[in-house]
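Take a look at the structure set out below.
There are 2 protein chains.
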Amino acid sequence: MNKTINTVAITGGTHGNELTGVYLIKHWQSQPQEVARSSFTPELHIANPAATQEVRRYVDQDLNRQFNIADLADPQLAGCEQQRAKALNTLLGPKEGPRVDFVIDMHTTTANMGMSLVFNSNHPLVIGMAFYIKQKMPNANLFYSPTDRLEDNFLRSMGRFGGLVIEVGPISQGLLNYQVYADTRTAVMHALDYLELYNVEAPPEVPKAMTGYRFIEKIPFPTNDQGEITGMIHPVLQGQDYQPIDPGDPLFITLTGETIVYQGVDTVYGAFINEAAYYDRNIGLSLMEKVDISYPTDSLDSTS
Amino acid sequence: MNKTINTVAITGGTHGNELTGVYLIKHWQSQPQEVARSSFTPELHIANPAATQEVRRYVDQDLNRQFNIADLADPQLAGCEQQRAKALNTLLGPKEGPRVDFVIDMHTTTANMGMSLVFNSNHPLVIGMAFYIKQKMPNANLFYSPTDRLEDNFLRSMGRFGGLVIEVGPISQGLLNYQVYADTRTAVMHALDYLELYNVEAPPEVPKAMTGYRFIEKIPFPTNDQGEITGMIHPVLQGQDYQPIDPGDPLFITLTGETIVYQGVDTVYGAFINEAAYYDRNIGLSLMEKVDISYPTDSLDSTS
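Just so you know, the protein sequences line up as chains A and B, in that order. Take the first sequence: its position 99, counted from the start at 1, is 169 in the numbering used here, and no numbers get skipped. Take the second sequence: its position 53, counted from the start at 1, is 123 in the numbering used here, and no numbers get skipped.
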């Protein structure tokens, strides 16, 4: 046995109104054998119990933006989620050299993003896991935004080798949908199988490269002088996540019926189109570029 | 001119996370000519500004359950929405003999209920309006739950002749969708046209009867001893609002994969299937019966 992964955390309820992860954690707490593997038994955590209790995304601030190494060390950041991030840093970390080897964090979105695997690390374990899941679930989308692990402010960055966000939609906030629940469970099963194979055999064979999407920028809704939203996602764009957006294609329609088009010069791809959680910052969608993601040849010794 | 309707209130944001009505009210505040008719100009109200500000359904309790005549008179009921209901009773009422003749209240649902016209009055103005809209929008569903106007705890009951709830879905809480916005606007336009025709010509011709759905009962999710939800809407039922449910048809699937079927003896119809707002009371769906709704022959003098 080539045991590399000793400690795996599966987290749900990082956003308290994304019930799928919350109910999967509860399910596995009563059926731990479903997530146990011969070489490890995952820890199960409700990441944000206070927000989960209130069925809100967050109480004071988005927990999934609080794990930057500098913020974790800043005692001035004392809001509900800022304190919870520090508690999770103690529970799973410390971030500089975490106790936990890998974090699998379950999320949902109101956007039509299907099964999206969101990761930022070029570590072979992270990319290998994403590729492995996409081999098993070919409709999965690889959403890759390279970031340094210590700088990354997502909960997934609390794993020694990093982590993976499993993001499934479309689903409303505050409810369960069987298909979303079942797909999320299946993806987590594959993720655990990947780590098990890694430990007891060898890194599973994955393609040398797969096609994915890399974040470019967020596009705000049209707003008025008071900062109020004055337009919606255009009906031809609604639900078209990961589809091409060409120059001149409609992005928004205003409340009075005018169309606003994409002014860029390159073909891009939409993601998080009409995500309810981003209305508080007036964000309408993310633009992505299609990229080939390579399976890295780095040694496993690289931990950030 | 046979002017009957002098004062019409259009309301949105009765639930603060149902943005469609909120943004239509804002739109019409800047474009009042769109809702003006020759015989009346509607009042435009954000019904629950505090909850709208927080993008939550409610702050303390559901505003749309606070308009029962006894509750409006009870000074012990002093929560945020209980006080707001009393303020609206002053603004629109008093309920015993309201200043406002008709209330059009805009809502959305996470259930796949399409365009639903929800009303409880057998007043010819209310039923006539619902029939008129369904003539113009044939896919509209008539959702009829007879209640006495003074007992009715919905905001719509603050109209002298009653009112109509325009309920559109599926849409997540906390976001806008162009099609839902446009359909809601269209239904309100037809509602106003109906009142205008009533005032300046004669009650528009509508069928003597139309098919609709009458509420029977709410069906709870399966729960455990701690009152926690242990099942979801079954995937074959998800999205099937207003479709028949026969004895033995699946209703729920538990977190562990067991199917729970409908145990009744009659064919019924589902509505509000998987409405996020009802999770706080563990309600999975409503059962409805299909009914013929008659256009009443009562005189208009009957006001409650």
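The beta carbon of each residue, even a glycine, is placed where N, CA and C say it ideally should be. Note that this is a predicted model, so its numbers are computed, not measured.
Going along the chain, which unbroken runs of the alpha helix (DSSP H) with 4 or more residues stay wholly within the stretch 215 to 278 of chain A?
-> 248 to 270
Could you tell me whether any Cβ in chain B is nearer than 8 Å to the Cβ of A/G229?
-> no
Could you confirm whether any beta carbon from chain B is found closer than 8 Å to the beta carbon of A/Q310?
-> no
Which residues bound the beta strand (DSSP E) around B/L357?
-> I353 to S364
Are the beta-carbon atoms belonging to B/A346 and B/Q249 less than 8 Å from one another?
-> no
Hey, quick one: how far does the alpha helix (DSSP H) through A/E151 stretch, first residue to last?
-> C150 to L162
Alpha carbon to alpha carbon, how far is A/A79 from A/S109?
-> 14 Å
Where B/P145 and B/H97 are concerned, what is the direct C-alpha to C-alpha distance, given to the nearest angstrom?
-> 35 Å
Return no unless some Cβ of chain B is closer than 8 Å to the Cβ of A/T180.
-> yes
What do you reckon, are the CB atoms on A/Y182 and A/I353 nearer than 8 Å?
-> With the sequence shown as reference, residue 182 of chain A is identified as Asn, and Tyr is not the correct amino acid for it. No, Cβ-Cβ distance for A/N182 and A/I353 is not below 8 Å.
Proximal residues of chain A, C-beta to C-beta of B/I303 below 8 Å | L246, N247 and Y248
Taking C-beta pairs closer than 8 Å, name the residues in chain A that B/H97 reaches, listed in chain order.
-> L325 and T326
What in chain A is Cβ-close to B/A346, meaning under 8 Å?
-> S242, Q243, G244 and L245
DSSP beta-bridge partners of A/Y283 | A/F213 and A/K360
In the DSSP assignment, find the beta strand (DSSP E) that holds B/L321 and state where it starts and stops.
-> P320 to T324
Identify the contact partners of B/Y332 in chain A, using a Cβ-Cβ distance below 9 Å as the criterion.
-> Correct list: empty, because the minimum Cβ distance to chain A is about 17 Å.
When the Cα of A/V335 is compared with those of A/L355, A/Y348, A/E359 and A/Q152, which residue comes out closest?
-> A/E359
Closest Cα partner of A/V173 within the set A/Y349, A/E298, A/N247 and A/L161 = A/L161
Could you list which residues in chain A have their beta carbon closer than 9 Å to that of B/Q101, in chain order?
-> L325 and T326
Element boundaries [alpha helix (DSSP H), containing A/L142] = I139 to L142
Collapsed DSSP secondary structure at A/S186 in the structure displayed | strand
From A/G340 to B/N192, what distance separates their C-alpha atoms?
-> 48 Å
Roughly how many angstroms separate the alpha carbons of A/Q103 and A/E328, rounded to a whole number?
-> 55 Å
Counting only the same chain and skipping the five closest in sequence on each side, list residues whose C-beta sits under 7 Å from that of B/T293.
-> I299, T300 and N352
Using 8 Å as the limit for Cβ to Cβ distance, is B/Y349 near chain A?
-> yes
Might you give, ordered along the chain, the residues of its own chain that have their beta carbon closer than 8 Å to the beta carbon of A/D141, omitting 5 neighbours on each side?
-> L147, Q152, A155 and N223
A/E124 by DSSP, collapsed to three states: which one?
-> helix
Interface flag, B/Y128 vs chain A, CB-CB below 8 Å = no
Cut-off 7 Å between Cβ atoms - residues of its own chain near A/T122, not counting five sequence neighbours on either side | G83, G86, V92 and I116
Cβ-based neighbour list, A/G163, same chain, cut-off 6 Å, excluding 5 preceding and 5 following | M228
Who are the neighbours of A/Y93 on chain B, taking C-beta pairs under 7 Å?
-> L325
Can you round the beta-carbon distance between A/P216 and A/N190 to whole angstroms, since I take them to be within the 8 Å contact cut?
-> 6 Å
If we count the other Cβ atoms within 10 Å of its Cβ and call it buried at 16 or more, is A/D171 buried or exposed?
-> buried
Since A/Y251 meets chain B, which of its residues come closer than 7 Å, beta carbon to beta carbon?
-> M302
Per DSSP, which one or two residues make a beta bridge with A/P314?
-> A/Y339
Closer than 8 Å by C-beta to B/Q313: which residues in its own chain qualify, once you throw out the five before and the five after it? Chain order, please.
-> Y339 and G340
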